[in-house]
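Residue numbers (our numbering), protein chains in the order written: chain V, 1369 to 1528; chain U, 1369 to 1528. Glycine included, each C-beta is placed from N, C-alpha and C at the ideal position. First the structure, in the form of C-alpha cells, and then the observations on it.
2 protein chains.
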Amino acid sequence: MDEQDIRRRHFVDQMGILMVRSGGSVTMGRILGHMLICDPPEQSLSEIADGLGISKASASMLTRQLEQLGLLTRVPGKGRSTTYRMPIGNWTEVMREQIALAHLFVDLADQGLDLVKGGSDEGERLEDLRGFYQEMADEMTDFARRYEARNPQSARRRLG
Amino acid sequence: MDEQDIRRRHFVDQMGILMVRSGGSVTMGRILGHMLICDPPEQSLSEIADGLGISKASASMLTRQLEQLGLLTRVPGKGRSTTYRMPIGNWTEVMREQIALAHLFVDLADQGLDLVKGGSDEGERLEDLRGFYQEMADEMTDFARRYEARNPQSARRRLG
DNA sequence: CCGAACGTTCAAGAAGTCTTGAACGTCACG
DNA sequence: CGTGACGTTCAAGACTTCTTGAACGTTCGG
C-alpha cells in the first residue's frame, strides 16, 4: 500500500465519519467516498466491495439505500451486471428529505397548537418552532429551485 | 388517562419520531415534545422524568445533550435544584451544527481534489459536491443572519 | 449536625443496528 | 444444456447504542 493508497483510504474514511454526522452509517459514507474518487467512475458491486474490503451483501444493501437518497445512480449493463456512478448536479434530490422533514415539524406544531389552545405560554413555544421550520422549508425550496436553474442537468425530477 | 392526555402523549411520541429522522434519538425528541407543551414551562429533571416515564439517568443525560444543541435552556434555581425550559427564537443555534458540517464537506472535497489532481472525471464529481455544500453553507449562514435580525431575542451568540 | 431532596455517574443489561457467509435465482456464453 | 459470473436475500453473530437501578456528592432546611 503506497502513499497514494493511504491518502485515498483516509479520504474514504473521513467521508464515512461525515456521513455519520449527516445521519447515515459509516459504510454508507465510505461507499460514497469511494465513488467520488474511483477510476473508472462507474463500478460494479464487486468492485465496490473489493475496493472497500466489505462484503457484497453490505454493498448490495447500501448502494440501494444510496440510490434511493439520490446519491448514486444505477447504470444497467448487459445481462445481470449493473454498475453504479455518482450523479452530477443531483443535490436537490438530496434536499428533498430535509424539506419534507421540515414540513412534518410544521404539521406537528399545528397539532400541538390545537392541543394547547387554552394556555398562552405553550402557544409561544410551538409558534416559535413552527415559524422556524416553515421559513426553513421555504428557504430550502427556494434554494433548490435556484440551484436547479443554474445546473440544468440536475432537473431529473422537479420539486413539487 | 383522559382524551387530552392521550393526545399529549401522541404529540410527544410523534416528536420522538421526527427527532430520529433529524439524527437524534427517540427519547431526546420526546423530551423536546414534553418541553414544548408542558405547563408550567419550566420543569425540573424529576418532573421531566416522571412526566415521560423515563429514568432520571436518561433525563439527566439527554437534557444535557439538548442543552448543548441549543434546544433547551438550563435555569439555575436555589441550591442544587435547576429547571429547564425551551428557549424562544434560538433556532439559529441549531443551524450552527449544520453549517459546520457543510464546511467539513467542503474541506474534505478540497482534500479529495488535491488527491485526484491527475484525473479529470474525479475532479468533476468532487467539484460538484464541493459547490453544493459551499452554496448550502452560504445560504444557511445568510438565512441565520436574517432570522436573527427578525428575532432579536435570539442573539445570544452571534454567527462567526 | 442530621436528614431529605436533587442531579450526576457508573456498570450492567436490553434493545437495536450492522455486517457477513452461505444459499439462491438469473442471465450470458460456450 | 452446463458452467460461471453476478446481484439478492436471509439468518446468525458481532457490535454499538440506549436505558436503567443503585450508589454517590452536594445543598438546603431544621
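Alpha carbons only, please: which of the options is nearest the one belonging to residue i?
i         : options                                    : result
U/Ala1425 : U/Gly1419, U/Glu1435, U/Ser1414            : U/Ser1414
U/Leu1437 : U/Cys1406, U/Gly1419, U/Gly1392, U/Ser1423 : U/Gly1392
V/Thr1395 : V/Ile1405, V/Met1454, V/Gln1382            : V/Gln1382
U/Pro1444 : U/Met1429, U/Ser1412, U/Asp1407            : U/Ser1412
V/Leu1386 : U/Lys1485, U/Met1463, U/His1471, U/Tyr1515 : U/His1471
V/Ala1512 : V/His1378, V/Gly1486, V/Gln1466            : V/Gln1466
V/Met1463 : V/Arg1377, V/Arg1375, V/Ser1390, V/Glu1371 : V/Ser1390
V/Asn1519 : V/Ser1449, V/Leu1440, V/Pro1455            : V/Pro1455
U/Phe1473 : U/Glu1503, U/Gly1457, U/His1402, U/Leu1434 : U/Glu1503
U/Glu1516 : U/Gly1384, U/Arg1376, U/Trp1459            : U/Trp1459
U/Gly1419 : U/Arg1514, U/Lys1446, U/Arg1377            : U/Arg1377
U/Gln1372 : V/Ala1505, V/Gln1479, V/Asp1510, V/Phe1500 : V/Gln1479
Please list the partners that residue i has in chain V, where partner means a Cβ-to-Cβ separation under 7 angstroms.
i         : result
U/Ile1374 : Within chain V, no residue comes near U/Ile1374; the closest Cβ sits about 11 angstroms away, beyond 7 angstroms.
U/Met1454 : Arg1493
So residue i contacts chain U; which residues on that side make the cut at Cβ distance below 7 angstroms?
i         : result
V/Leu1483 : Arg1375, Arg1376, Phe1379, Ile1405
V/Leu1472 : Leu1386
V/Glu1415 : Chain U residues near V/Glu1415: none, gap ~15 angstroms exceeds 7 angstroms.
If the criterion is Cβ atoms closer than 8 angstroms, does the pair residue i and residue j meet it?
i         : j         : result
V/Ala1477 : V/Arg1498 : yes
U/Tyr1452 : U/Leu1439 : no
U/Asp1407 : V/Gly1397 : no
V/Lys1416 : V/Ile1405 : With the sequence shown as reference, residue 1416 of chain V is identified as Ile, and Lys is not the correct amino acid for it. No, the pair does not count as a contact, with Cβ atoms beyond the cut-off.
V/Val1388 : V/Gly1401 : no
U/Gly1457 : V/Asp1496 : yes
Assuming residue i and residue j are in contact, meaning their beta carbons sit under 8 angstroms apart, how far apart are those beta carbons, in whole angstroms?
i         : j         : result
V/Pro1409 : U/Asp1482 : Their Cβ separation, rounded to whole angstroms, is 18 angstroms, which puts V/Pro1409 and U/Asp1482 out of contact at 8 angstroms.
Check the Cβ of residue i against every Cβ in chain V and list those closer than 8 angstroms, keeping chain order.
i         : result
U/Leu1469 : Leu1386, Arg1389, Ser1390
U/Pro1409 : Asp1489, Glu1490, Arg1493
U/Leu1476 : Phe1379, Gln1382, Met1383, Leu1386
U/Glu1503 : Phe1511, Tyr1515
For residue i, which residues in chain V fall below 9 angstroms Cβ to Cβ?
i         : result
U/Gln1479 : Arg1375, His1378, Phe1379, Gln1382
U/Asp1496 : Met1454, Pro1455, Ile1456, Gly1457, Asn1458, Trp1459, Asn1519
Identify the contact partners of residue i in chain U, using a Cβ-Cβ distance below 8 angstroms as the criterion.
i         : result
V/Glu1507 : Glu1507, Phe1511
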